[in-house]
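> Right, I'll just put the structure down here and ask away after.
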Amino acid sequence: MLAEKYRSEIETLLAKYPPEQKRSAVMPLLYLAQKEYGYVTEAAMAEVGELCGISPTQVAGVVGFYTLYHDHRGGQRYVQICTDLPCALRGAEKFAEVLCQNLGVKMGETTQDGEFTVEEVMCLAGCDKAPMFQVQDVDGIHYHESESPEKPMTVAQALAILEGYKRKK
Amino acid sequence: MAEHILLRHRDIPDLHKLDVYLQHGGYEAFKKVVTTMTPQQVIDEVKASGLRGRGGAGFPTGLKWGFLSKDFPRYVTANSDESEPGTFKDREILEKNPHQFFEGVMICAFAAQANVAYNYMRGEFWDIAMRLDKVLAELRERGFLGKNLFGANYSLDIHNHLGAGAYICGEESALLESIEGKLGQPRLKPPFPADKGLYNKPTIVNNTETLTNVPMIIARGAAWYKTMGTEKSPGPKVFCLSGHVKNPGNYELPLGATFRHLIYELGGGPPSGLKVKAILTAGASSTVLTGGDDILDTPMDYESVAAKGGALGSASIIVLDESVDMAWLTLKTSRFFKHESCGKCTPCREGTYWMLNILERLNRHEAKKADVDLLNNVASQIAGKCLCPLGEFSVAPVLSSLKQFRADFDGHAKDAKKPAPAAARPAARPAPKAKEAAPAAD
């Protein structure tokens, strides 16, 4: 249970908001639930709802609205490649395609070993460092970007970064 | 510009460290307002500086601060949601110059007599948020946040709040809903946040870059600030340059610098050597401007860009060279807005869906010329009917591209007289292959 295992974290989170506005903690609590269970389970929605005084249905609405919450089990981590306009103008669509080929998946799929779910995402504010992607795992979200316009990230470099995540486990 | 005002970390190494920031006059402006000024004096100084909101709308900041209704408690919220395609300026400030930003938040909070402020960051800025949590802890420890600051009768705390992937939360009332733990859907206005904002209390929502201007305005004065930029658009601005240029990145320039200066002299122009076909000035939310001399020589300030039919917005300058097909461009922008529509109001929810549907068919050469008229029709029906600016933004690139580059669209129609152009997207940049460093930008 979140309430027991993360007592002090939860107290710190709730203290950021006025005592009568516990609902404001729903988003940070959902990140905590994802950290604990890998995704937001139905039981976690009920737990989070109880902690911040709203119904499980209201929690489910929040989970469904925001793209960084997941209500089912995906890969161990999400590889989210920006193919939005500014990155696309600098070759990100091709980069994403070749990376998917190397991982043996189509966009949106999970690798056979269950390590990575690969997704295309909207602009991540890394337009001058295209191509770039982020990795979301239970510990948070980390950016991986090209070193400079002259040295764009290669697919080989991206694959090496992903190998690093597998070892980290 | 000789000296950076907003990107000061480019002149001063390690400015993100508190002690370095203090060595360079850090938190002196905050101390000055708390110990020697009244809130009204602070508001008057910001008003006199002519500072305008850097998030996109360009609304006069001091005026916004002066609108708060008399109710208490009050809140200040920094908008660090930065999600507009082509915008990456607030990120650099948060990463490299966080103290100047937080000092801006503090001065704003004092002016509003708010005792709590929130910094709302997009969820993807996770690593930045972890660092900024430590920065805030250090500020509390060192007495820059807390009770009775500098021995005066003023208390303040600041908290970071992470979003979770929703462009719409950059709209101020959606941002407030999100902090309240609800879906990030815009509120019907009025009432405006200055009257009923966070928790139904008077609230100021300011963009991160806007707030980062404030400490220098207090430290050096409004008259100094007005020596930069133009009369109606004073001060420095961070321009985010991306797309077809040799040197993409953030450039701090006075408002009123020309597109040519930014795109060619600083950006190095398109690496392909092709001419600039079109410019987006406000990210995906832009009315597309053509790349002609008339536009290139236009000063980048709020009035001058508006006079050309565009909007400076957040100054996210995306450069498109002549290889870009505008039917593809609008497919990309429409895909973005369809994905990010919050679904609350019908014209936006349904309209972005149908614009994308037509553009997908058109880009696959499955649509007819009549569908291009239909696209124009759908976009025109969305315009002016949406609850918030997102829907309006979604039609700006579509309608302006149709008007100025109609042939790009008609060329894809299966009943077009000429065969469809070979390039349905920008001329292929060499794709970076595995184990091979292919330059993407040349």
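Respectively, the protein sequence lines represent chains A and B. All letters in the first sequence, in the order written, are residues -6 to 162 by this note's numbering. All letters in the second sequence, in the order written, are residues 180 to 621 by this note's numbering. The beta-carbon is built from N, C-alpha and C at its ideal position, and this holds for glycine as well. All values derive from a computational prediction rather than experimental measurement.
Tell me the residue span of the beta strand (DSSP E) that contains Phe329 (chain B).
Segment: none, Phe329 (chain B) is in no beta strand (DSSP E) and carries neither H nor E.
> Once DSSP output is grouped into helix, strand and coil, what is the label at Lys548 (chain B)?
helix
> Keeping to the same chain, check which residues put their C-beta closer than 8 Å to that of Asp312 (chain B); ignore five residues upstream and five downstream.
Asn339
> At what residues does the alpha helix (DSSP H) containing Ser513 (chain B) begin and finish?
505 to 519
> Compute the beta-carbon to beta-carbon distance between Thr512 (chain B) and Pro576 (chain B), rounded to the nearest angstrom, for a pair I have assumed lies under 8 Å.
5 Å
> Can you round the beta-carbon distance between Tyr481 (chain B) and Leu491 (chain B) to whole angstroms, since I take them to be within the 8 Å contact cut?
Contact between Tyr481 (chain B) and Leu491 (chain B) holds, with the beta-carbon distance rounding to 5 Å and staying under 8 Å.
> Is the number of C-beta pairs between the region 450 to 469 of chain B and the region 485 to 500 of chain B that are closer than 8 Å three or more?
yes
> Quick one: grab the DSSP three-state call for Asn386 (chain B).
In the displayed model, Asn386 (chain B) falls within a strand according to three-state DSSP.
> Could you spell out where the alpha helix (DSSP H) holding Met20 (chain A) opens and where it closes?
19 to 30
> Name the two residues that bound the continuous alpha helix (DSSP H) containing Glu351 (chain B).
It spans 351 to 358 - the alpha helix (DSSP H) in which Glu351 (chain B) sits, taken as one unbroken run.
> Taking the continuous alpha helix (DSSP H) assigned at Gly199 (chain B), which residues delimit it?
The sequence given here has Val at residue 199 (chain B), not Gly. Where Val199 (chain B) is concerned, the enclosing alpha helix (DSSP H) stretches over 197 to 202.
> Would you say His188 (chain B) lies against chain A (beta-carbon separation less than 9 Å)?
no
> Let me confirm a value: Ala334 (chain B) is counted as buried when at least 16 other C-beta atoms fall within 10 Å, else exposed. Which label applies?
Ala is not the amino acid found at residue 334 (chain B); the sequence shown has Ser there. With fewer than 16 Cβ atoms within 10 Å of its Cβ, Ser334 (chain B) is classed as exposed.
> Considering only C-alpha positions, which residue in the set B:Glu224, B:Phe267, B:Lys211, B:Pro372 is nearest to Tyr404 (chain B)?
B:Glu224
> If the cut is a Cβ gap below 9 Å, which residues of chain A does Arg362 (chain B) touch?
One point to set straight first is that residue 362 (chain B) is Leu, not Arg, in the sequence displayed. In chain order: Gly54, Val55, Gly57, Phe58, Tyr59.
> Using beta-carbon positions only, say whether Gly522 (chain B) and Arg528 (chain B) come within less than 9 Å of one another.
yes
> Does the beta-carbon of His278 (chain B) have 16 or more other beta-carbons within 10 angstroms, so that it is buried, or is it exposed?
buried
> Compare the beta carbon distance of Phe438 (chain B) and Thr477 (chain B) with 9 Å and say whether it is the shorter of the two.
yes
> Beta carbons nearer than 8 Å to chain A: which residues of the region 319 to 344 of chain B have them?
His338, His340, Leu341, Gly342, Ala343, Gly344
> Would you mind working out which of B:Leu186, B:Lys211, B:Arg253, B:His188 sits nearest Glu11 (chain A), comparing C-alpha positions?
One point to set straight first is that residue 11 (chain A) is Pro, not Glu, in the sequence displayed. Comparing Cα positions, the closest option is B:Arg253.
> In chain order, what residues of the same chain lie with their CB nearer than 7 Å to the CB of Gly68 (chain A), ignoring the 5 residues before and after it?
Thr103, Thr104, Gly107, Glu108, Phe109, Thr110
> Check this for me: beta carbons of Thr387 (chain B) and Glu261 (chain B), under 9 Å apart or not?
yes
> Who are the neighbours of Met38 (chain A) on chain B, taking C-beta pairs under 9 Å?
Going along chain B, no residue has its Cβ under 9 Å from Met38 (chain A), so there is no contact; the nearest lies around 13 Å.
> Taking a Cβ distance cut-off of 8 Å, strictly less, list which residues of the region 344 to 360 of chain B are near chain A, in chain order.
Gly344, Ala345, Tyr346, Ser357, Ile358, Glu359, Gly360
> Going along the chain, which residues of its own chain have a beta-carbon closer than 6 Å to the beta-carbon of Phe88 (chain A), five neighbours each way excluded?
Pro124
> Locate the alpha helix (DSSP H) running through Gln14 (chain A), then write down its first and last residues.
Where Gln14 (chain A) is concerned, there is no enclosing alpha helix (DSSP H), given that its DSSP letter is neither H nor E.
> Which same chain residues end up closer than 6 Å to Asn426 (chain B) when comparing Cβ atoms and leaving out the 5 residues on each side of it in sequence?
Only Gly446, Gly447 meet the Cβ criterion.
> Mind checking Lys596 (chain B): buried by the 16 CB within 10 Å criterion, or exposed?
exposed
> By a C-beta neighbour count over all protein chains shown, 10 Å radius and 16 as the cutoff for buried, is Glu13 (chain A) buried or exposed?
exposed
> Provide the residue span of the alpha helix (DSSP H) that contains Lys122 (chain A), from first to last.
Neither: Lys122 (chain A) is in no alpha helix (DSSP H) and is coded neither H nor E.
> For Phe251 (chain B), count neighbouring C-beta atoms within 10 Å of its own C-beta (all shown protein chains included) and say buried if the count is 16 or more, exposed if not.
exposed
> To the nearest angstrom, how far is it from the Cα of Gly414 (chain B) to the Cα of Ile184 (chain B)?
When rounded, the distance between both Cα atoms is 9 Å.
> For Thr460 (chain B), is the classification buried or exposed, using 16 other Cβ atoms within 10 angstroms of its Cβ as the cut-off for buried?
buried
> Between the region 78 to 91 of chain A and chain B, which residues of the former have CB atoms less than 7 Å from a CB of the latter, in chain order?
Leu78, Pro79, Ala81, Leu82, Arg83, Gly84, Lys87, Phe88, Val91
> How is Leu185 (chain B) classed by DSSP in three states: helix, strand or coil?
coil
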